[in-house]
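Residue numbers (this note's numbering): 131 to 346.
Right, here's the structure in full:
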């Protein structure tokens, strides 16, 4: 079982977890009238197999750390989020599958083995993220106002491709300097409005789609 924020929910009843992990750089290429513009971010995926004690427990879990990719364009920055769409397969799973297509989707043993292989000492993998698995892309009419978020169509702004490569570099940081409201309380971009039948975009996008840091 996979969850949207990472790879699965934490498992109860398991005392010792030995997660596999790997880091990768995601680079977004955008063709503009001023030439090719790129932005990249180093993220980390971890996964583990756990002992199931109760039937309702998951057999594995993991995490997905890092920041959204920022691409500076003539009309302002766009942000390539850490989620494909609400209800879609996790981006972390699709990235792993892009690197190692033989990975069995939704199969804990296969996924953990793939993460371990990608995080090996001499791992050097490159791939392109398929168009169907591209994350959501957004921009803000006002960078200081999270409720001004707008969806961006990749074709409209000229996104050419999304490249992936494994790396041992440090995780990318600094998005909160551009978007300081990420440090505010609340899980959604607009956490102050009440429930509504027709939520705004800001009421459907979580801050977790922009960044997630280790709690260690």
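Glycine residues also receive a C-beta, built at the ideal position from the N, C-alpha and C atoms. This one's a predicted model, so the numbers in the text were calculated from it and none came from an experiment.
Are the beta-carbon atoms of residue 290 and residue 174 separated by less than 7 Å? The sequence position of residue 290 within the chain shown is 160, counting from 1. The sequence position of residue 174 within the chain shown is 44, counting from 1. Contact: no.
Using beta-carbon positions only, say whether residue 228 and residue 253 come within less than 7 Å of one another. Locating residue 228 in the chain shown gives position 98, where the first residue counts as 1. Locating residue 253 in the chain shown gives position 123, where the first residue counts as 1. No, the Cβ-Cβ distance between residue 228 and residue 253 is not below 7 Å.
Roughly how many angstroms lie between the CA atoms of residue 260 and residue 224, to the nearest whole one? For the purposes of this step, residue 260 is identified with residue 130 of the chain shown, where counting begins at 1. For the purposes of this step, residue 224 is identified with residue 94 of the chain shown, where counting begins at 1. Computed Cα separation, rounded: 9 Å.
Output the distance between the C-alpha atoms of residue 235 and residue 311, rounded to the nearest integer angstrom. What you label residue 235 is simply residue 105 of the chain shown in a count that begins at 1. What you label residue 311 is simply residue 181 of the chain shown in a count that begins at 1. Spanning the two alpha carbons is a distance of roughly 36 Å.
According to DSSP, is residue 233 helix, strand or coil? Residue 233 sits at position 103 when you count from the first residue of the chain shown. In this structure, residue 233 counts as coil in the three-state DSSP scheme.
Are there 16 or more other CB atoms within 10 angstroms of the CB of residue 280, so buried, or fewer, so exposed? In the chain shown, the residue the question calls residue 280 occupies position 150. So residue 280 ends up on the exposed side.
Cβ pair residue 241, residue 177 closer than 7 Å: Position 111 of the chain shown, counted from the first residue, corresponds to residue 241. Position 47 of the chain shown, counted from the first residue, corresponds to residue 177. In contact: residue 241 and residue 177 (Cβ atoms closer than 7 Å).
Run of the beta strand (DSSP E) containing residue 262, from where it starts to where it stops: Along the chain shown, read from residue 1 onward, the residue named residue 262 stands at position 132. Neither: residue 262 is in no beta strand (DSSP E) and is coded neither H nor E.
Would you kindly report the start and end of the unbroken alpha helix (DSSP H) that includes residue 339? Position 209 of the chain shown, counted from the start, is the residue given in the question as residue 339. From DSSP, residue 339 is part of no alpha helix (DSSP H); its letter is neither H nor E.
Just tell me which of 251, 319, 211 and 283 has its CA closest to the CA of residue 297. Here residue 297 corresponds to residue number 167 of the chain shown, with the count starting at 1. Closest option to residue 297, Cα to Cα, is 251.
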